[in-house]
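Below: one structure, written as C-alpha cells.
Number of protein chains: 2
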Amino acid sequence: MTAVDDVQHMKWWGWGVDGVAFSHADKPHLKPFVVHAVDVDLDVEGAPALSLDQLDVPATRAPDELLTALRTAVGDEAVRTDDLDRVVHTYGKSVRDLLRIRANDLPRVPDAVVYPADEAQVRAVVDAALAADAVLIPFGGGSNISGSLQPEPAEQRPVLSLDLGRLDQLLDVDEDSGLARIQAGALGPSIERQLGARGWTLGHFPDSFTHSTLGGWIATRSSGMQSDKYGDIADITKGLRVVQPDGTLVVRAVPSTSTGPSVREMILGSEGRLGIITEATVQVHRVPEERVVLGYFFPSWEAGLAAMQAISASDATPSITRVSDARETQFSFATRKESSGISSYVSKGLMAFLAKRGWDLDQICLSFIGYEGGPKHVAAQKRAVRAIVRKHGGIVVGKGPGALYDQKKFDTPYIRDFLLDRGAAADVSETAAPWSQLLPLYTEVRTAADKAFAQIGVKGWIMCHLSHSYHSGACLYFTFAFRHDGVGPIGQYEVVKSAIQQALVDNNGTLSHHHGVGTEHSPWLAQDISEPGVAMISGVLAATDPGRNLNPGKIVR
Amino acid sequence: MTAVDDVQHMKWWGWGVDGVAFSHADKPHLKPFVVHAVDVDLDVEGAPALSLDQLDVPATRAPDELLTALRTAVGDEAVRTDDLDRVVHTYGKSVRDLLRIRANDLPRVPDAVVYPADEAQVRAVVDAALAADAVLIPFGGGSNISGSLQPEPAEQRPVLSLDLGRLDQLLDVDEDSGLARIQAGALGPSIERQLGARGWTLGHFPDSFTHSTLGGWIATRSSGMQSDKYGDIADITKGLRVVQPDGTLVVRAVPSTSTGPSVREMILGSEGRLGIITEATVQVHRVPEERVVLGYFFPSWEAGLAAMQAISASDATPSITRVSDARETQFSFATRKESSGISSYVSKGLMAFLAKRGWDLDQICLSFIGYEGGPKHVAAQKRAVRAIVRKHGGIVVGKGPGALYDQKKFDTPYIRDFLLDRGAAADVSETAAPWSQLLPLYTEVRTAADKAFAQIGVKGWIMCHLSHSYHSGACLYFTFAFRHDGVGPIGQYEVVKSAIQQALVDNNGTLSHHHGVGTEHSPWLAQDISEPGVAMISGVLAATDPGRNLNPGKIVR
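Residue numbers (our numbering), protein chains in the order written: chain A, 3 to 559; chain B, 3 to 559.
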C-alpha cells in the first residue's frame, strides 16, 4: 500500500506531471502546419499556468460528524480538505475541464478527499458516506475526459472524492491460468512494472496509460493500443470486487459463464455508479519473445481502411492495426524532429519515388501494424500482412516510424495543452462502427465539423485514425482543434463537439468506443442504445444505489 | 416467414424428431460397457413412448377476451390451444423434464401457444398479454435443459407460450463487415443453410444445434463446438432487437462500445425475462478454405489438460480444443461401430504399441483439435499443436476419429433417451474455471458424484471432457448417469445433480458455462455471483418487467 503523500496526481491545470511539457524545438515543420491548420502562432508565448491562489475554491461543506467518521475509518492523514487536493479531484482532463478550471469556474468541488488504504477502509468510507447521505465519487488517475469525475453543480449534499491511489498492488499471479489479481488504484506503469518483474504483461496501453488506473479503465470500458491482440478491458477483466451500499459484489474470475444477464458487464462502464471497484482479476500474458511495430504507407484513406478490413478477415492476428487519414499523417509528419529517424521515411527520395508511382503525396496515409509472439509467428504474420498491404497499393516503410510511434504514443495530451496555452482548443471524439459504415461516417463527421467551424467562424481542423480493428468493424478516433475566441471557448467547443457526436450516432457509430459516457456523451445515450436501453441501465443503478449517493448524474441523469 | 404448420417441434416425450433414435446395433462394445457403468441391460425392451391420450392435460385457462385479442394480433391459425401444442411447449428437454412428462406430471401447461409472423405481431402479442396480465414465455427450439421454459406451477394468470418458429429468415448480410441480420426463431441448420448459400458461416455449433435457435442461444449464453475460433454467442452477437413492455430495445451492431453498463450483455442470458428477442445482428465468417479435425491420444487426463493449457498460451489458435477423460474415452470406444473407421484407432496394434511405450491403456484420453483457415495457416497450426501434444506425451491418431466426431456430434441426446427408455437417467453439468482450478475441481466433482450415487444406492457413472479453451481457463463438461429406481427418479436425480452443482461452485467453477440458469441452477446463483450480483439482476428485471409477466421465476425468483 502506498502512503497518502506518495499518491501521484497530475497537475490540476493540465495533463501530466509538473515539468513535463511538449516542446516544438527541433520540429521546424510544426509551426507552418499549425498556422495552416488552426491559424495559431506557436511562437506566441504560452499563457502562464495559474496559481492556486487565483482560484475561488468554495469552502468545504462536509459536516464535522462526517469528517470525524471518515477519519475514524481511514485515519486522520487520509482525509484531506485542503484546496489543492479538492481542486485536483474536481475535474478530469477534457478540454472542457481545462477551460473551466482556467476560467476559475468551480461551482462545486469535493468537500473532502479520502484515501482509503484497503478494501476494508473503502467499506468503512462507503458506510460513513451513506450514513451522512453524502455523495461518493471514485477517483483513479484523473484522466477522464467525459465529465465522469465532477460533482453535480447543484449538489447540496456533502461530496467526497474517494481516491483509490493507495490500492496499487499486484496481489497475486495465477501463473497456470494467466490471471493476475490487481488493486484498482494501480496506475498503468506500476501494473506493467509489477507484472513485468515476474515475466508477465497486461497488454493494456490506452493513450492515458501513464496517468490512468485499472479501476478507471474498467469503470469506463477502456481500450488500449494492443487491444487487437489482448482485447479491450472488457475482455481482459474476469473477476471483480466492488464495494456497494448493500454488500460487496464478488464476480468470480471464470473464463466464461452463463449466469443470466452479465453482472461483470454491468460493472464495466459503470463510472462509479454501481460502487467502488477495489480489485480486479485480469488475464495476463507472458511477455512476448518478439514485439515489433512496422510502419506502412497507403496511397489513400480508402486503401488504408480496406487493407485493415482485409487483415481483420484474414488468418493474420496482429497486435496493433492503425492507419491515419491524410490529415493526421500530415500532422505526424509535421511533428517530426529534424534529428529523428522519422525524417528518413518522409525523405525526398521516397517521396519522389512514390510520386513517380502515381501517388498523390497529399493523400498518403501512415499506418502502424504491430506483431507479437514467437519469431516464427511474427515472421508469418508480417508476411501475411505484407501481402494484404501490397494488394491494397501500400508499401512497408520499416521499423523506424513504428519504434518512434511506440516511444511517443503517450505524449499527445501534452501537445493538446501546449496548443491550449496558445489559444487553440483541441479535443477528441471516438466511435466504433461496422466496416461498411466507416467511410460514410468519416465523410459525414468531417462535413459536420467543417460546418460547425464555419458556424462559429473559426479556422478548424479535424483528423482521424483507425485505432482498433475487430472482425466486424473498427474504431475511428477523431481529433479536432480550432482557435477559440478566448471569450466563450466552451460554447464554441460545444458547437463543434455536438456536431461531431451527432454525426457519429446519425451514421451508425456508437457515441464512444472507449471513453465512456459521463456527462459529456450522456445527451446521445438514448440515440445510441435506445430509450429502453437507458431504462435498463437506470433500473440497475436504482436497485444498487436507491439514494443516488454513488457518482450521481453520470451516464444517465 | 414459415407457415404455422411448418414450424418444427421435437417430439414431446424426448429429444429430436419422430423416427430418429439411437441404436446399439453394430456396436458390440456398448452392451458390456453399459452393464459395467450403470448396470443396465440394453437388450431389455425400451419402454414404449406414451400416447398423448395418456396425459392429463389441464384445460386452458385463457379467457376468451385474451384469445380474441391474440387472434386479432396474429390471425386465427396462429393461436393454438390444442393439447399437443400446449404439451410440446410445457417443458424443455432436461432429464427432469422427460421424467416429469413421462410421469404425467403436468401441474401447469401454457394456456395457448402463439405463433407471431413478424416483429409487429410480437409487439401486438406482448401488448395483448400485458393488457390481460398474462404471462409470456418465449419458445425457440425447445432444447433448454435448465428449466427455463416451464410455467411456474402455481401461476394463476393465463400463460402463453410465444413460439418464434416463424421468424426464421436471414434478413441481410453486410458482406463488408461480416455481419448478418437473422431472425431469432431460426434453427441452427436453417441459419447455416441460408448463410452457406452466400458463402458465409456463423460458426456456432452447440450440441443442440439441430433443435435450437439463434434467439435461444442468445437468451441462454450458448457456446458451440468451434467457439475457440468463432467465440461464444456473447461474442458473436453484436446487434439486437427486443420487444419489451415499454418499447423495443434496439442495440446497434457496433464491434465494441463504451456506453455504460452493457445492455447487450443484459439481454444475453436473459431467458425471456427482459423481453422477446426478435432478431440479432451476428458476426459471420467466410466459409473457411480448409476445415479439419484431428484426433489425438494422451496418456492421462492430466497430460491432456496440460496440453490444452499450453495450446491456449501459445501462438496457435485452433477452432476446437477438446479432450475427454479416461472414462469418457472408454465410452467413446464403446459406442464405436464394428464397421466404422473408429476401430482402426483403437486397433490391437496401436494399443500394443502404446502399452510398450508404457501407457496405462485404461487411462488413455481421446482428444479432438480442429483447424480452419487457409492451407498455410492450417498447416502451421497443426505443426504448432503437434509439437505441444508431443511435449505432453500425446500422439496424433489422425483424421478418422475427428471426421467421425464431426458426423456424430449432435447425436448424444438420442443416446440419453435410449438409456432413459431402459431405466438409466443421464444428465449433464458443465462449468468453466481457471486452468489452475480444473484438476482439483474435476476430482471434487467426481468424489461428490460418487458419494451421491452411494447415498441413493445406485451404480452411477460420471465422465467429463474439456470442451472449450480460453486464455485463462476452460469449460469442463460432465455427463452422469445411473440406473434409477423407477419410483422416485427425480428425487434421485436431484441428489446427484445437486451434489455436482455444489461441487462446481465450491471449487471455483461457475454454475454453468453455457446452459443458463433457469430454475435448475437458480439455487446456486448467489453462491456464484454473490448476493449483490443477484440484486443487480433483479433490479434490471424489475425495471423492465415490473408486472412479472415475462417468464417469471427463471434465473431469480
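Even for Gly, the Cβ is constructed at its ideal location relative to N, Cα and C.
Just so we're clear, the structure is a prediction, and the values are computed from it rather than from any experiment.
Determine whether the beta carbon atoms of residue i and residue j lie at a separation below 8 Å.
{"i": "A/SER96", "j": "A/ILE139", "result": "no"}
{"i": "A/ALA427", "j": "A/THR481", "result": "no"}
{"i": "B/PRO153", "j": "B/VAL115", "result": "no"}
{"i": "A/VAL289", "j": "A/LEU307", "result": "no"}
{"i": "B/ASP235", "j": "B/HIS206", "result": "At residue 235 of chain B the sequence reads Ile, which differs from the Asp that was named. Result yes, Cβ atoms of B/ILE235 and B/HIS206 sit closer than 8 Å."}
{"i": "B/GLY144", "j": "B/VAL81", "result": "no"}
{"i": "A/LEU478", "j": "A/GLU432", "result": "yes"}
{"i": "A/GLY167", "j": "A/TYR117", "result": "yes"}
{"i": "B/THR280", "j": "B/VAL253", "result": "no"}
{"i": "A/THR259", "j": "B/ALA434", "result": "yes"}
Who are the near neighbours of residue i in its chain, counting only those whose CB is closer than 8 Å to its CB and skipping five residues on each side?
{"i": "A/PRO436", "result": "SER474, GLY475 and ASN510"}
{"i": "A/ARG424", "result": "VAL42, ASP43, LEU44, VAL46, GLY48 and ALA49"}
{"i": "B/LEU69", "result": "VAL81, THR83 and ALA114"}
{"i": "B/PRO191", "result": "PHE211 and THR212"}
If I follow the unbroken alpha helix (DSSP H) through residue i, where does it start and stop?
{"i": "B/HIS38", "result": "32-40"}
{"i": "B/VAL97", "result": "97-104"}
{"i": "A/GLY233", "result": "Note, A/GLY233: premise wrong, no alpha helix (DSSP H); not H, not E."}
{"i": "A/ASP408", "result": "401-410"}
{"i": "A/TRP303", "result": "303-315"}
{"i": "A/ILE193", "result": "190-198"}
{"i": "A/GLY217", "result": "216-222"}
{"i": "A/ALA476", "result": "Segment 475-485 is the beta strand (DSSP E) holding A/ALA476; no alpha helix (DSSP H) there."}
{"i": "A/GLU121", "result": "121-133"}
{"i": "B/GLN503", "result": "491-508"}
{"i": "B/SER358", "result": "Going by the sequence as given, residue 358 of chain B is Lys instead of Ser. Taken as a continuous stretch (DSSP letters only), the alpha helix (DSSP H) holding B/LYS358 covers 350-358."}
Check the DSSP bridge columns for residue i and list the partner residues they point to.
{"i": "A/SER163", "result": "A/VAL115 and A/ILE139"}
{"i": "A/GLN383", "result": "Its beta-bridge partners do not exist; DSSP assigns none."}
{"i": "A/ALA75", "result": "Its beta-bridge partners do not exist; DSSP assigns none."}
Which residues of chain B have a Cβ atom closer than 8 Å to the Cβ of residue i, listed in chain order?
{"i": "A/GLN246", "result": "PRO534"}
{"i": "A/HIS486", "result": "None at all; the shortest Cβ gap to chain B is about 27 Å."}
{"i": "A/ASP530", "result": "ARG254, THR259 and THR261"}
{"i": "A/GLN285", "result": "HIS473 and SER474"}
Residues of chain B with CB under 9 Å from residue i, in chain order?
{"i": "A/THR546", "result": "PRO534, ALA537, MET538 and GLY541"}
{"i": "A/ASN510", "result": "ARG254, ALA255 and VAL256"}
{"i": "A/GLU223", "result": "The sequence shown places Arg at residue 223 of chain A, not Glu. In chain order: SER258, THR259, SER260, THR261, GLY262 and SER264."}
{"i": "A/LEU527", "result": "THR261 and GLY262"}
{"i": "A/THR250", "result": "SER532 and PRO534"}
In the DSSP assignment, find the unbroken beta strand (DSSP E) run with residue i in it and report its ends.
{"i": "B/ARG183", "result": "181-185"}
{"i": "B/ASP176", "result": "172-176"}
{"i": "B/PHE370", "result": "367-375"}
{"i": "B/PRO436", "result": "426-436"}
{"i": "A/ILE464", "result": "462-471"}
{"i": "B/TYR298", "result": "292-300"}
{"i": "B/GLY249", "result": "249-253"}
{"i": "A/ILE147", "result": "A/ILE147 -> no beta strand (DSSP E), and no H or E assigned at all."}
{"i": "B/GLN10", "result": "Taken as a continuous stretch (DSSP letters only), B/GLN10 belongs to no beta strand (DSSP E), as it is neither H nor E."}
I'd like the list of long-range same chain contacts for residue i, defined as Cβ closer than 6 Å, with 5 residues on each side in sequence excluded.
{"i": "B/GLU522", "result": "SER148 and GLY149"}
{"i": "A/ARG578", "result": "The requested residue 578 of chain A is not part of the displayed model; chain A covers only 3 to 559."}
{"i": "B/VAL391", "result": "TYR298 and ALA309"}
{"i": "A/ALA119", "result": "MET3 and ARG168"}
Which bits of chain B does residue i rub up against, with CB to CB less than 7 Å?
{"i": "A/LYS240", "result": "SER474"}
Can you pull the chain A neighbours of residue i, defined as C-beta to C-beta under 8 Å?
{"i": "B/HIS213", "result": "Neighbours of B/HIS213 on chain A: none; closest Cβ ~18 Å, over 8 Å."}
{"i": "B/SER272", "result": "GLY262 and PRO263"}
{"i": "B/GLN311", "result": "ASP178"}
Closer than 7 Å to a non-hydrogen atom of the ligand FAD - does that hold for the CB of residue i?
{"i": "B/ARG266", "result": "Ligands in the displayed structure: none, and consequently the ligand FAD is not present."}
Name the chain A residues that come within less than 7 Å of residue i, Cβ to Cβ?
{"i": "B/TRP437", "result": "ASP178 and SER179"}
Got a sec? Which residues, its chain only, sit under 7 Å from residue i by beta carbon, not counting five neighbours each side?
{"i": "B/GLN285", "result": "GLY180, LEU181, ILE238 and LYS240"}
For a contact meaning CB atoms closer than 9 Å, what does residue i contact in chain A?
{"i": "B/SER514", "result": "THR259, SER260 and THR261"}
{"i": "B/ALA315", "result": "GLY180, HIS287 and ARG288"}
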